[in-house]
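Residue numbers (the working numbering): 1300 to 1546.
Don't be surprised by glycine CBs; every beta carbon is placed ideally from N, CA and C.
Since this is a predicted model, take the numbers as computed values, not measurements.
Okay, structure coming up:
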């Protein structure tokens, strides 16, 4: 049976690992078709997966672009099993996470909020508009432990913390709405730990080697945790070990 997966932000390190893992571990009874959504072109390390992977380049992650792309995929009659959202930003060539309030810049904050909060929620909005309410699948979104208010004992990283905390609140709202109208959907807010990627590169010196994961390790942890989550009409906020994170 064909199982369909959607991967957004498909150019990221963890997303590429998830795509490879899903395809490499498929079986005759569990064949996969993956739609990868990205603003970039197909990366070289995924070129050999083109039989199962359909790469969809979106100009941006606006409601209009996503609606058009998802309509073309025709999800309503598919065996959709998972929608995985890996969009996000921590830093770029213009800014790094703030260590003090004096470093806070409104325009940088707006960029981070857009990438980490607005885009994932718009993706879910357009996804729900293109599926049947009877379909049963899991939506997993890349969040972070640093978005936990209860776990915040260090401060700093104002924009990133705020964007992930806001994301979690919106995902909670979506889970409540889905419990009323899309009873077969499970939402997961996921903390991946630290993956060896351009995003984490400036901060890896403080990470023990056994806690720095390559993309395939991160992908396996992600898929195992997602698989373990039950369809219970709630939002799960969990880390790569499957442990619940305080809100």
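Item	Value
Just confirm the distance between the C-beta atoms of residue 1396 and residue 1441, as a whole number of angstroms; I'd bet it's less than 8 Å.	Not confirmed; about 16 Å, so no contact.
Taking only the alpha-carbon atoms, compute the straight-line gap between residue 1352 and residue 1332 and give it to the nearest angstrom.	6 Å
Would residue 1437 be called buried (16 or more neighbouring beta carbons within 10 Å of its own) or exposed?	buried
What number of angstroms, rounded off, separates the C-alpha of residue 1525 from the C-alpha of residue 1381?	9 Å
For residue 1515, which residues of its own chain have a beta-carbon under 6 Å away from its beta-carbon, when the five flanking residues on both sides are left out?	1316
Indicate the three-state DSSP secondary structure (helix, strand or coil) for residue 1465 in the structure shown.	helix
When DSSP labels each residue in this structure, what does residue 1336 get in the three-state scheme?	strand
Short of 7 Å in beta carbon distance, which residues of its chain neighbour residue 1419, apart from the five on each side in sequence? Order them along the chain.	1384, 1386, 1440, 1466
Taking Cβ to Cβ, would you say residue 1495 is nearer than 8 Å to residue 1513?	yes
Give me whichever residues DSSP pairs with residue 1493 in a beta bridge.	1511
Can residue 1410 and residue 1445 be called in contact, C-beta distance under 8 Å?	no
Mind checking who residue 1331 pairs with in its DSSP beta bridge?	1302
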